[in-house]
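This is the structure:
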């Protein structure tokens, strides 16, 4: 099943990236021409730059999710209600998240716009300004991503050995020392999953871009996955081979980050 639904599509996409194909007609062999064109494409570099911003800022979801989980990992009255509230962003659709934040940023009536206008005298139309649009979409994406990381860490905290915590308390460990030396080492599996899922989420960020800006203004909020869609499937392209070339580059970037983190995890486990 894995070979059929994962390995084969990856290999087929790589092979397709060497062709010119509209999805229906005859394929024409191009060799590396798609890649040559890609690395001379200004829109590709804009998308790549935005993906780097996504990747860097999206990683904030991991420590934020950890600290929210630590806050919620208590036995106090009403903690289940708080857990439900923090869990809510992960349950709702990304399309709904995009619409909520589109209204939040909307000029004239959006809460964020009115708040900035009240503080500075001039509102900011975040989604219409190429300087801020990418950061505005990332903020929308972080909302459910932090909730997801929180769930992973809450699950991991339930498996932390209580005897080690008690022994550390007897030795005088408190606060940051307890977190760094006792709790975090036992949360490595949860951290690994959180980092991998967050990296993948940052690099495949399509739905929020499509819902909130459709790549605008002037293509300034494009990311690689959205640009791949534009070239391969939208009214701008039907260039399946060129879209596959973008997909291959995106896959390579994703594998570099994930493989590097796996290598670090293995070295840490072996004590190298």
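Numbering (UniProt numbering), first residue to last: 1 to 272.
C-beta: ideal position from N, C-alpha, C; glycine also.
Here the structure is a predicted model, which means the values were calculated and not measured.
- By DSSP's assignment, residue 19 forms a beta bridge with 29.
- Counting C-beta atoms within 10 angstroms of its own C-beta, residue 239 has 16 or more neighbours from the protein chains shown and is therefore classed as buried.
- Linking residue 39 to residue 231 through their CA atoms gives a straight-line distance of about 15 Å.
- Within the same chain, no Cβ atom closer than 7 Å to the Cβ of residue 109 is found once the five residues on either side in sequence are excluded.
- Your pair residue 247 and residue 13 checks out as a contact, with CB atoms roughly 5 Å apart and the cut at 8 Å.
- For residue 158, there is no enclosing alpha helix (DSSP H), as DSSP marks it with neither H nor E.
- Non-local beta-carbon contacts of residue 31 in its own chain, meaning distances under 7 Å to residues more than five positions away in sequence, involve 18 in chain order.
- Taken through DSSP and simplified to helix, strand or coil, residue 125 comes out as coil.
- Put simply, of 148, 234, 268 and 118 the residue whose alpha carbon is nearest the alpha carbon of residue 88 is 148.
- Look at residue 235 here: in three-state DSSP terms it is coil, with no helix or strand label.
- If you draw a straight line from the Cα of residue 234 to the Cα of residue 22, it comes to about 11 Å.
- In this structure residue 74 is exposed. Its beta-carbon is surrounded by fewer than 16 other beta-carbon atoms within 10 angstroms.
- By the CB criterion at 7 Å, residue 28 and residue 41 fall outside the cutoff.
- Shortest Cα-Cα distance from residue 58 to any of 82, 92, 117 and 146 involves 146.
- A contact between stretches requires three or more CB pairs, one per stretch, nearer than 8 Å, and the stretch 86–104 fails this requirement with the stretch 176–187.
- In the structure shown, the three-state DSSP call for residue 13 is helix.
- Ranking 36, 69, 4 and 179 by CA distance to the CA of residue 83 puts 69 first.
- Proximity of the stretch 220–229 to the stretch 109–121 falls short of the contact definition, fewer than three beta-carbon pairs being nearer than 8 Å.
- Residue 71 sits exposed, since fewer than 16 C-beta atoms from the chains shown fall within 10 Å of its C-beta.
- Contact annotation: residue 137 and residue 212 have beta-carbon atoms nearer than 7 Å.
- In this structure, DSSP gives residue 218 a state outside helix and strand, which the three-state scheme calls coil.
- With a cutoff of 7 Å on beta-carbon distance, residue 134 and residue 7 are scored as not near each other.
- Restricting attention to 44, 140 and 4, the CA atom closest to the CA of residue 243 is found in 44.
- Less than 7 Å separates the beta-carbon of residue 130 from that of residue 217.
- For the 7 Å CB-CB criterion, residue 35 and residue 245 form a contact.
- Contact annotation, residue 199 with residue 254: C-beta distance approximately 7 Å; criterion of less than 8 Å satisfied.
- Under the three-state reduction of DSSP output, residue 130 falls in the coil class, being neither helix nor strand.
- Rounded to the nearest whole angstrom, the CA to CA distance from residue 37 to residue 158 is 51 Å.
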